[in-house]
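Data first, discussion second: the structure below is written as structure tokens.
Number of protein chains: 2
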Amino acid sequence: MLDQNALDELFDVLARYVRMRDRAAHRTFRTPDGDVESAAFKCLFHLARQPMRARELAESLHAEPSSVSRYVAELVDLGFVRREADPADGRATLLVITDIGRERVAAMRAVRRHAMDRAMTDWTDDELRTLVRLLGRFVDAAEPLFAPSGDKPGSLEDLMKGRA
Amino acid sequence: MLDQNALDELFDVLARYVRMRDRAAHRTFRTPDGDVESAAFKCLFHLARQPMRARELAESLHAEPSSVSRYVAELVDLGFVRREADPADGRATLLVITDIGRERVAAMRAVRRHAMDRAMTDWTDDELRTLVRLLGRFVDAAEPLFAPSGDKPGSLEDLMKGRA
DNA sequence: GCAATTGATTGCATTCCGCAACTAATTGCA
DNA sequence: TGCAATTAGTTGCGGAATGCAATCAATTGC
């Protein structure tokens with residue numbers, strides 16, 4: 001049995017992060033004077049890793065294909081993503097990030113790196129890597145719990161509904 | 001200069017968490033068959049710590065007073081929160097969590113504890129506490145960056161807009 | 001005692017997004 | 001070969017969340 005208070009705290013601090021991030025998104029990404037980041041930009045980080053089809057992208061985003069369809073339309077309009085025929089399946093299209101899409105990802109990362117690097121002057125690389133490793137493990141563990149329950153018992157959804 | 005790749009990874013894994021959590025919220029907390037958790041429930045965790053006024057609650061949530069006003073109205077309707085006169089200021093009302101509000105918080109925590117405890121069987125308390133500590137430090141460091149920039153330079157917002 | 005301040009609420013508009021219905025292309029099998 | 005079943009993707013629709021601006025109400029400070 002894990003330290004239950006620590007678990008509570010973990011969710012509290014995660015909630016704190018989520019909230020402040022959402023808030024920043026609503027402020028920052030709203031005011032348009034050129035190019036502002038909508039929700040669609042999430043896709044770029046995934047597509048920067050490798051080209052994929054819309055459905056795969058939806059899965060890796062934990063999103064509905066319909067949402068992804070809208071994201072992609074926007075990113076294609078902006079020139080950040082290009083549609084290519086999928087040689088393996090005529091129905092499908094491969095989504096490929098363009099050069100300026102890749103530049104945009106790099107720019108977004110640079111902003112974050114720059115800001116965080118200055119805000120985390122008291123951190124060692126070791127601490128940072130430990131955080132990444134542990135948080136990664138946590139998210140991996142939590143992922144199935146948050147997934148649509150289907151038949152599998154034990155999801156948060158089940159627990160919420162008193163089924164388990 | 002911190003490990004830049006680790007920073008990128010950190011944001012990636014955070015994005016992963018945010019996304020899966022949002023998705024679960026959109027699914028789970030929607031279908032109503034009695035009591036479903038809307039966004040208003042965030043407040044309960046804060047009010048469980050101590051009574052406060054709406055404006056304070058807004059600040060601790062990083063939210064607009066208008067949103068909080070709506071949250072509170074809902075929670076009062078549900079009987080989870082009670083409005084009390086603030087002895088210090090006649091205009092203000094103190095928001096106080098009720099007994100059933102507190103029960104509800106406990107129930108929500110129990111669900112999470114139960115699910116996570118089973119999903120994290122390979123964790124030691126030490127690892128968990130380290131995660132909580134490091135993530136807490138990270139969020140503390142990130143908080144000012146995500147805040148409305150006002151005049152202070154160096155916020156993410158400024159960086160986004162090319163001002164810094 | 002009245003203007004300025006402050007706490008809170010409401011109206012409005014926008015974004016996000018899931019679900020369901022639909023189109024188009026492909027595949028599988030009789 | 002041809003048609004039903006499958007699969008990729010898109011669009012329509014509605015609901016939830018929430019920021020901003022305007023407003024109301026009570027208080028405080030000359």
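Protein chains in written order, with the UniProt record's numbering: chain A, 1 to 164; chain B, 1 to 164.
Note that the Cβ used here is the ideal one computed from N, Cα and C, for glycine as well.
For the set A:Arg112, A:Leu2 and A:Met120, the Cα lying nearest the Cα of leucine 2 of chain B is the one of A:Met120. Taking arginine 91 of chain B as reference, the option from B:Arg53, B:Arg137 and B:Val13 with the minimal CA-CA separation is B:Arg53. DSSP, reduced to helix, strand and coil, places leucine 95 of chain A within a strand of the structure shown. Just measuring C-alpha positions, the residue of A:Ser38, A:Ala110 and A:Val111 sitting nearest leucine 78 of chain A is A:Ser38.
Contact annotation: the region 96–112 of chain A does not touch the region 135–147 of chain A, with fewer than three C-beta pairs closer than 8 Å. With its beta carbon less than 9 Å from one in chain B, tyrosine 17 of chain A belongs to the interface. Remark: C-beta atoms of phenylalanine 45 of chain A and aspartate 12 of chain B approach each other more closely than 9 Å. Taking a Cβ-Cβ threshold of 7 Å, the residues of chain A close to valine 132 of chain B are Ala6, Glu9, Leu10 and Val13, in chain order. Linking valine 18 of chain A to arginine 82 of chain A through their CA atoms gives a straight-line distance of about 31 Å. When DSSP reads this structure, alanine 63 of chain B sits in no beta bridge, so it has no partner.
For alanine 106 of chain B, the closest C-alpha among the options B:Leu134, B:Asp117 and B:Ala48 is that of B:Ala48. Counting along the chain, the unbroken beta strand (DSSP E) around glutamate 84 of chain A starts and ends at 81–85. With fewer than 16 other beta carbons inside 10 angstroms of its own, alanine 85 of chain B counts as exposed.
Contacts between valine 139 of chain A and chain B, judged by CB atoms closer than 7 Å, involve Val13, Arg16 and Tyr17 in chain order. Taking 9 Å as the threshold, the shortest C-beta distance from glycine 79 of chain A to chain B does not fall below it.
Proximity of chain A to leucine 145 of chain B at the Cβ level (cut-off 8 Å) is accounted for by Ala115, Met116 and Ala119, in chain order.
When C-alpha distances from alanine 15 of chain A are compared across B:Asp8, B:Leu10 and B:Ser60, the shortest belongs to B:Ser60. For glutamate 74 of chain A, none of the residues of chain B pass the 8 Å Cβ criterion, the least Cβ distance being about 17 Å. For the pair glutamate 9 of chain B and valine 96 of chain A, the CB atoms are not nearer than the 9 Å cut-off.
Residues of chain A whose Cβ lies closer than 7 Å to the Cβ of leucine 61 of chain B are, in chain order, Arg19.
When the Cα atoms are used, alanine 88 of chain A and valine 72 of chain A turn out to be separated by approximately 20 Å.
When secondary structure is reduced to three states using DSSP, methionine 1 of chain A falls in the coil class, being assigned neither helix nor strand.
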